Amino acid sequence: MGDVLAGIHATWEFESDAVVIRFERGIRTPKLLNALRERRIPHEALASVTLGPGKRGTVVLHAVPRDGADPLMEAAAGQLKDGSDPYRLVLPADRETLAEYYRDELRAALAPYEDLGPADRFLVAAPEGPQSFKAYDGKASFDGKAEVSFRWFWTGASSEKWKAGDQTFRVRELSGVEWRSPEILDGYLRLVRRDGHDARPVQPDHDPASVVFGLGYGPVHESLPFAASVLAAVRGTSERVPVAVQAAVPHRDPAGVAERIRHLGELHRAGLVTDEEFSAKKAELLAEL
């Protein structure tokens with residue numbers, strides 16, 4: 000087990016080649032984080048890490064994923080609110096020094112990947128299926144592997160959808176997924192097909208390849224993991240997520256190592272790091288010379 004940094008609603012465990020994020024279960028935890036439970040983020044999947052001020056006496060450690068590395072963030076397309084962002088760790092302001100230390104540690108671990116551009120495959124696992132949720136006009140179901148189905152509700156589905164009938168889509172027939180947050184006006188989930196149906200209706204409520212959201216229907220914590228799982232399956236990565244190969248870490252500059260040990264000593268004297276943690280981390284840093 001690696002070092003663990005506990006924040007508000009989540010903890011980060013720092014492994015040699017990844018960050019494991021575990022979300023606290025509770026009524027105060029944002030529902031999306033509750034639903035995700037745990038995620039393993041390989042270093043190769045991250046572009047950077049930052050530390051900045053948060054709200055009401057907090058600081059925020061924020062890992063930034065590479066474009067195309069995480070199906071959840073790919074499906075979200077920038078629509079998540081800060082509180083539901085699984086890559087943000089919120090900490091009390093009095094832990095800022097400790098957060099700085101782990102920010103620097105993680106930045107050093109990301110150094111071998113800093114020149115990489117967008118990922119050409121998903122590096123983070125999608126939420127597991129099967130999954131389903133209720134939209135305003137129907138129920139969407141995914142078997143976790145091969146098929147997505149829409150079953151229309153007579154109270155909400157348009158006449159176009161009733162005429163088309165309930166729908167079943169093979170994953171191999173799809174080229175993508177569009178998700179518009181239910182927290183935005185006119186939210187929906189639309190399956191993008193490969194069979195020439197790209198001339199789609201303007202309104203998703205007329206499109207049998209879409210389900211529309213509404214007040215209380217298609218909530219983020221249900222519809223976004225669903226969209227991410229389908230997207231990962233479409234790209235052929237739902238069953239086997241590529242394992243990041245840890246790159247050889249070059250020897251660090253002695254002056255840089257000395258500075259990191261000095262910083263570690265300050266944390267130790269401040270009581271933020273135990274004697275055992277200080278000795279183990281100091282030995283680890285010295286081994287990199």
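The end of the sequence shown is residue 288 by numbering that gives the first Met the number 0, with every number in the run present.
All residues carry an ideal CB built from backbone N, CA and C; glycine is no exception.
Since the model is a prediction, treat every value here as computed from it, not as a measurement.
Task: residue 294 (DSSP reduced to helix, strand or coil) - done: Outside the shown range of the chain, which is 0 to 288, sits residue 294, and nothing can be said about it.
Exposed or buried, residue 273, counting other C-beta atoms within 10 Å across all chains shown (16 or more means buried)? exposed
So for residue 219, helix, strand or coil by DSSP? helix
Item to complete: State the Cα-Cα distance for the pair residue 151 and residue 280, rounded to the nearest angstrom.
Response: 57 Å
Assigned secondary structure, residue 153 (DSSP; H/G/I helix, E/B strand, else coil) | coil
- Item | Chain-order list of residues whose beta-carbon lies under 6 Å from that of residue 160 (same chain, five-residue window excluded) | 151 and 207
Point to revise | Reference residue 36, options 180, 125, 142 and 91, closest by Cα | key: 125
State the start and end residues of the unbroken alpha helix (DSSP H) segment that holds residue 277.
274 to 285
Next item on the list: Sort 47, 81 and 5 by Cα distance to residue 53 and report the nearest one.
Entry: 81
ask   = By DSSP, does residue 373 sit in helix, in strand, or in coil?
value = Here the chain covers residues 0 to 288 and nothing more, so residue 373 does not appear.
- Query: Using the C-alpha atoms, what's the distance from residue 13 back to residue 3?
  - Reply: 6 Å
key: Between the CA atoms of residue 212 and residue 187 - distance to the nearest angstrom   = 5 Å
- Task: Taking 8 Å as the cut-off, decide whether the C-beta atoms of residue 100 and residue 285 are in contact.
- Result: no
What is the residue span of the alpha helix (DSSP H) that residue 100 lies within? 95 to 109
Report task. For residue 74, I'd like the list of residues in its chain whose CB is within less than 7 Å of its CB, leaving aside the five on either flank, ordered along the chain. Result -> 176, 178, 223, 226, 227 and 230
Quiz prompt | For residue 49 and residue 92, the rounded distance between their alpha carbons | solution = 15 Å
Let's see if you can read the secondary structure: which residues bound the alpha helix (DSSP H) around residue 71? 70 to 75
| said: For residue 202 and residue 157, I'd like the C-alpha separation in whole angstroms. | reply: 11 Å
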